[in-house]
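Protein chains in written order, with our numbering: chain A, 1 to 391; chain B, 1001 to 1177.
The C-beta atom is built at its ideal place from N, Cα and C for all residues, glycine as well.
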């Protein structure tokens, strides 16, 4: 058995892609360790894992049950007194003392944890958190697992820390190949990036969500719909989905256009008289429970490395239509789905109509077989461990 | 700001280029005037422009002391806000004979419908329809001029000299001289 101690630093444990992907890997890691699987495959795995989250969220319980410890630095709502002091100091033009207070608070929170041999920074949003923690420990092996492309990285990491993000890690993994701007940021290291995607929620039995069991056979009633999933906004292409909905309203009967996730927030919302042809469900624990048989998943995102919903739809036999971003063209290549230029709504409309027809089932079956082979937890897990721990 | 729909403006132009290849979008042929250009949202708009290959076509001009140099004498105004109850810019364009294509929400759509220019109004968020209307208008100078004259006449009814007395009368409850 290994004596490795691994810290995994994550921005939050909300119900979004990076935390869900982490929860699935942690579940796989614990199950594999219990079954003695690491002795036969990857020596020791990541050992004893301690997760440090800037904020908690609905996945906190699921994560805590799979690891040696979970430390949450900030309350789910509001701010700790230390963060309040840091923000106030920054507003008064005194950022350095404010940052010192916050750093002290964070280091004290992790003081009782065993010193790590390996630190995994899970997602770009965790990099600033690690930056304030790192001097709390001797220099460990540092691995960065990016779940973002260039715009996501630049939105999550202050400009002053971008250089370190590219140069400091001993290993860098991503869920898909870096885009051109990220390639520029990483420089020669871009060529050495390991590709470690997310995985499906399927284990040996029926698909499960991180927070509990679901069933592949549980589907919403009604006519087939065109479905999008995620946090409404620019990145997920909510405006493109709305424009697509306008195109699909004729000829009748038009499919229902369903956005699983909250409506666009302030500033992004349409005026109340806009009469939008999209039904918003709000965020759901199990989105697939409301998706009728025969539906199509549309991913009109502007920037999306490799969304878990594409894998989840694939394992459930739903056809997937996506904008050409991140790892989606590769996932859907060789007749496993459809890809269109995201800014061309007419092109998206054409492929959605194809996916709603007989070709949809054919491509969905190819995607299901591909996802089952390459994106199950036991296929991705060993790659995750190998990419993050020292050789 | 996303409320004003700069991202939707870019989406319309990208759609126009994709689905109406006969419409020429020349370098510097489109502009977004106003709004901060050093802002996270402006970065998103720039990312959209780059992704659609529209970087050379669209100028993000930022705040300008006067709109006069920017009115498209031989073009049109694309007004694509998510919410805008009474946009003055549409009236100002109309006063100069510049027609506007807009959504059927907010004050711009109401103004154009009343001006008899309802075919310049499309459903909220219908990027394809807005691109189609814009392309049709750009390809038909005579129709554009005709609509420009229609909206100019309608806007003249909304001048300060005409509106202020009515507004004052509404506020104080009686006619003014």
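Between the stretch 1005-1025 of chain B and the stretch 343-357 of chain A there are three or more inter-stretch CB-CB distances shorter than 8 Å, so the stretches are counted as touching. Residues of the stretch 341-366 of chain A that bring their beta carbon within less than 9 Å of a beta carbon in chain B comprise 341, 342, 343, 344, 345, 346, 347 and 349, in sequence order. Secondary structure of residue 325 of chain A (DSSP, three-state): coil.
For residue 173 of chain A, the uninterrupted beta strand (DSSP E) run begins and ends at 171-174, by DSSP. With respect to the C-alpha of residue 1057 of chain B, the residue from B:1165, B:1024 and B:1173 having the closest C-alpha is B:1024. Residue environment analysis places residue 167 of chain A among the exposed positions, since fewer than 16 neighbouring C-beta atoms fall within 10 angstroms of its C-beta. Of the other Cβ atoms in all chains shown, 16 or more fall within 10 Å of the Cβ of residue 169 of chain A; this residue is therefore buried. For residue 103 of chain A, the uninterrupted alpha helix (DSSP H) run begins and ends at 95-109, by DSSP. Rounded to the nearest angstrom, the Cβ distance from residue 1108 of chain B to residue 1090 of chain B is 4 Å, consistent with a contact under 8 Å. Cβ proximity to chain B below 7 Å picks out nothing from the stretch 281-301 of chain A.
Residue 5 of chain A: member of the beta strand (DSSP E) spanning 5-10, first to last residue. A distance below 8 Å between beta-carbons, with the five flanking residues on each side excluded, links residue 1002 of chain B to the following residues of its chain, in chain order: 1041 and 1082.
With contacts defined as CB atoms closer than 8 Å, residue 147 of chain A and residue 163 of chain A fail to qualify as a contacting pair.
Here residue 30 of chain A carries a helix assignment [DSSP, helix/strand/coil]. Under DSSP, residue 225 of chain A takes part in a beta bridge, and its partners are A:256. At a C-beta separation below 8 Å, residue 1051 of chain B has these neighbours in chain A: 302, 342 and 343. Segment contact: the stretch 1109-1118 of chain B against the stretch 296-307 of chain A, fewer than three CB-CB distances shorter than 8 Å; contact not assigned. Scanning its chain for C-beta atoms nearer than 6 Å, with the 5 sequence neighbours on each side dropped, one finds around residue 383 of chain A the residues 196, in chain order. Interface flag for residue 1100 of chain B against chain A is unset, since no Cβ pair is found closer than 8 Å. In the displayed model, residue 279 of chain A falls within a strand according to three-state DSSP. For the 8 Å CB-CB criterion, residue 312 of chain A and residue 238 of chain A do not form a contact. With contacts defined as CB atoms closer than 8 Å, residue 1071 of chain B and residue 1031 of chain B fail to qualify as a contacting pair. Under the Cβ criterion of 8 Å, residue 166 of chain A is not counted among the residues facing chain B. Look at the stretch 1089-1120 of chain B: the residues with a C-beta under 7 Å from a C-beta of chain A are 1105 and 1106. A check of alpha carbon separations from residue 1099 of chain B across B:1086, B:1118 and B:1105 identifies B:1118 as the nearest. The C-alpha of residue 283 of chain A is placed about 29 Å away from the C-alpha of residue 173 of chain A. In this structure, the CA atom of residue 354 of chain A is about 15 Å from the CA atom of residue 245 of chain A. Nearest Cα to residue 233 of chain A within the set A:259, A:272 and A:12: A:259. In chain order, 32, 44 and 45 place their CB closer than 7 Å to the CB of residue 38 of chain A, counting only its own chain and leaving out the 5 sequence neighbours on each side. Residue 130 of chain A places its beta carbon less than 8 Å from that of residue 119 of chain A. At a cut-off of 8 Å between beta carbons, residue 267 of chain A contacts chain B. With 16 or more other Cβ atoms inside 10 Å of its own Cβ, residue 226 of chain A counts as buried. Scanning chain A for C-beta atoms nearer than 8 Å to the C-beta of residue 1002 of chain B yields 234, 267 and 268, reported in chain order. Residue 1037 of chain B sits in coil when the DSSP states are folded into three classes, being neither helix nor strand. Beta-carbon to beta-carbon, residue 276 of chain A and residue 1125 of chain B are separated by about 7 Å, close enough to satisfy the 8 Å threshold. In this structure residue 1075 of chain B is not in contact with residue 1152 of chain B, their Cβ atoms being roughly 15 Å apart against a cut-off of 8 Å.
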